[in-house]
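**Q**
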Amino acid sequence: MMRSAVRVLFFVLALYAGVATGAWAAPQRIVSLDLCTDWMLARYADHAQVRALSPLHRQYPVAWIGGHWPVHDGTLEQLVALKPDLVMAGEYNAPLLRARLLALGVRVEVLPLPQSLADIHTYERRVLALLGKPDSLASVEPSAVHHPSPRPRLLLLGPNGVGTGRGTMEHDILVRAGWDNDVQGQGYVQLDLEGIVAHPPDAVLWAAPSSRALANRFAEHPVLKRAIPPSRWLTTDYWRWQCPGPWTWDLIRQLQQWRG
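Following the numbering used here, the numbering of the sequence shown begins with 1073 at its first residue and continues without gaps.
(1) Identify whether Asp1252 lies in helix, strand or coil by the three-state DSSP scheme.
(2) At the level of alpha carbons, what is the spacing between Gly1094 and Gly1204?
(3) In terms of residue numbering, what span does the beta strand (DSSP E) encompassing Ala1275 cover?
(4) State the Cα-Cα distance for the pair Trp1313 and Ala1097, rounded to the nearest angstrom.
(5) Checking 8 Å against the spacing of the C-beta atoms, do His1140 and Asp1110 come in under that value?
(6) Where Pro1222 and Leu1189 are concerned, what is the direct C-alpha to C-alpha distance, given to the nearest angstrom?
(7) What are the partner residues of Gln1258, as DSSP defines its beta bridges?
(8) On the CB-based measure, 16 or more other CB atoms within 10 Å of its CB, does Glu1266 come out buried or exposed?
(9) What is the rounded straight-line gap between the Cα of Gly1317 and the Cα of Cys1108?
(10) Can Ala1166 and Val1182 be called in contact, C-beta distance under 8 Å?
(11) Considering only their Cβ atoms, is the gap separating Leu1246 from Asn1253 smaller than 8 Å?
(12) Helix, strand or coil: how does DSSP classify Arg1289 here?
(13) Can you give the Cα-Cα distance for Ile1324 and Thr1236, rounded to whole angstroms?
(14) Would you kindly work out how many angstroms separate the C-alpha atoms of Glu1258 and Thr1308, rounded to a whole number?
(15) The beta strand (DSSP E) with Glu1213 in it runs from where to where?
(16) Consult DSSP for Leu1226 and reduce its assignment to one of helix, strand or coil.
(17) Roughly how many angstroms separate the alpha carbons of Pro1272 and Asp1244, rounded to a whole number?
(18) Mapping the DSSP letters down to three states, classify Ile1268 as helix, strand or coil.
(19) Going by DSSP, what residue range makes up the beta strand (DSSP E) through Val1159?
(20) Using the three-state DSSP reduction, which class does Trp1141 fall into: helix, strand or coil?
(21) Could you tell me whether the Cβ atoms of Met1241 and Gln1187 are closer together than 8 Å?
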């Protein structure tokens, strides 16, 4: 009787250990539905872990991600054929497709984008955990640099003459890097050309796509160019502003260097 009980106990423990091991096994057939999760996978996942990135990866390429990553076509049929053991998506991306995958029993993890600089740490560590990677791979936040007041005013100028104001991730980035935001309003504000010329900022950060477009005409206006000399126009990679992530710290470091 005692031997039977011991055998049963060993069986239960072995079964539990097997389940636990399976639960913590790193996924090996990952599929992304979102541009931002594409980038996180390209940064942290082993190539062999990834079955396919989203079609957005090809539509909006970035230089640091090579063209060797597989890409799916966004259809349910192809996604099912890939037999993913993990599908990663952004909060607002492909909700119907996510629902259909869930109904088929596919594991889907939704990763809301960070809404603050503090959220980046949580976001990054969640991705690492999903990939079976250690927290030690997480990026390092730059040290805070204290500058005497007043801080120089920086205008973050986007396409179509839209400026970025308070209450945004971009505002937090500027302030964290030692600048003051030239836009006093909340959120995204349609800028007034005459107002900028009358009270020009100390610098303009032109974060726009590299391709020429009608949306860039505001920034190219000759009056604006005369009011703010070329040495005070700063440029960064547009993609760094699209998806908050570990590259946000590199952006802050760059802005700190410009701040001096």
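Don't be surprised by glycine CBs; every beta carbon is placed ideally from N, CA and C.
**A** Put simply:
(1) strand
(2) Below a pLDDT of 50, predicted positions are generally treated as unreliable, and Gly1094, at 43, falls in that range; no measurement from the model is reported.
(3) 1275 to 1278
(4) 33 Å
(5) no
(6) Each residue's alpha carbon lies about 23 Å from the other.
(7) Arg1238
(8) Burial is judged here by how many other beta carbons sit within 10 angstroms of a residue's own beta carbon; Glu1266 has fewer than 16 and is exposed.
(9) 8 Å
(10) no
(11) yes
(12) coil
(13) If I take the Cα positions, the gap works out to 16 Å.
(14) This sequence places Gln at residue 1258; Glu is not what is there. About 23 Å.
(15) Taken as a continuous stretch (DSSP letters only), Glu1213 belongs to no beta strand (DSSP E), as it is neither H nor E.
(16) strand
(17) Between Pro1272 and Asp1244, the C-alpha separation is close to 21 Å.
(18) helix
(19) 1158 to 1162
(20) coil
(21) yes
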